[in-house]
Amino acid sequence: MQDPDFQPPVNPLPPLVALTFLAIAGVEAGLSLGEAGMIGGPGAVGWRLGLIRDYGFSSQIFDWMTANGIWPLWEVLRAFTYPFIHLGFTHALFAMVLLLALGKMVAEVMGPVTFAVIFVGAGAGGAMIYALLLDDPAWLVGAYPSVYGLIGGYSFVMWRQLAGTGAQQYRAFSLIAFLMGIQLIWGVFFEVGTQWVAELIGFFIGFGLCFLLAPGEWARVRNSLRRR
């Protein structure tokens, strides 16, 4: 019989966050084990490149679809599949750590549906706007635009909390400012590419979606419009 007063030492993850984490971790585990020669034989070394080619997001393919008005379903799905493929174990590890921390908070505060919409919307929207703004031939992979969308959700929660206490609301954006600062410093010494653009777009999409999805926001917007 379970003790009703028992409190687990670690709060359980919301199911959608756990499933998303397991999907990313499962793909990366298979690829890493294949590259280590533990599964798949010699051909496993090329699994990662094959997945990037088949499921990664390509700005050039998106530009072609936009220019020709042709939208093959398989190519459109790339905007939703690329967050589950990473360039290597470390690349995936940091994304998964951020996903667990920020996804748990967003799902618990605003609900699992809001978490899912932000994760998917920031990832897909970040990729497509990135393709429209830039003409980078490099493949876009990794959960970072989606995770940055969750950072937008976290910033929204902090922004509302600070507003309620009368504190300075700009402090809600400390995390994104810190991460963008790290990107800037890193870019001084190394070639970082343009993926940060998709990540920043993902942040703004995640933050903006909270005005539609966060509990009570629709009522707040309606009341604001009525007062005008």
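Heads up, the sequence shown is in numbering that gives the first Met the number 0, so the first residue is 0 and it goes up one at a time. Glycine residues also receive a C-beta, built at the ideal position from the N, C-alpha and C atoms.
Tell me which residue opens and which closes the alpha helix (DSSP H) that A43 is part of.
It is not in any alpha helix (DSSP H) - A43 carries neither H nor E in the DSSP assignment.
Tell whether a beta-carbon distance below 7 Å holds between G102 and G148.
no
Using a Cβ-Cβ cutoff of less than 8 Å, which residues in the same chain neighbour A123 once the five nearest sequence positions on both sides are dropped?
A78, F79
Under 6 Å Cβ to Cβ from F118, same chain only, skipping five residues before and after it: list those, please.
S145
Please return the same chain residues whose Cβ sits closer than 7 Å to the Cβ of A197, not counting the five positions on each side in sequence.
G125, A126, Y129, L139, P144
To the nearest angstrom, how far is the alpha carbon of W63 from that of H85?
24 Å
Looking at the secondary structure, which residues open and close the alpha helix (DSSP H) in which T193 lies?
Element bounds for T193: n/a, residue is neither H nor E.
Considering only their Cβ atoms, is the gap separating F88 from G22 smaller than 7 Å?
Position check: residue 22 holds Ala in this sequence, whereas Gly was assumed. No. Outside cutoff.
Taking all protein chains shown into account, do 16 or more other C-beta atoms lie within 10 angstroms of the C-beta of M109, making it buried, or fewer, making it exposed?
buried
Of the residues W73, L15, D134, which one's Cα is nearest the Cα of G55?
W73
Based on Cα-Cα distance, which residue from C209, I60, L211 lies nearest to D134?
I60
Segments assigned beta strand (DSSP E), at least 3 residues, entirely inside the segment 73 to 128
none
Pick from G33, G141, T164: whose alpha carbon is nearest that of M95?
G141
Just how far apart, CA to CA, sit V116 and S173?
23 Å
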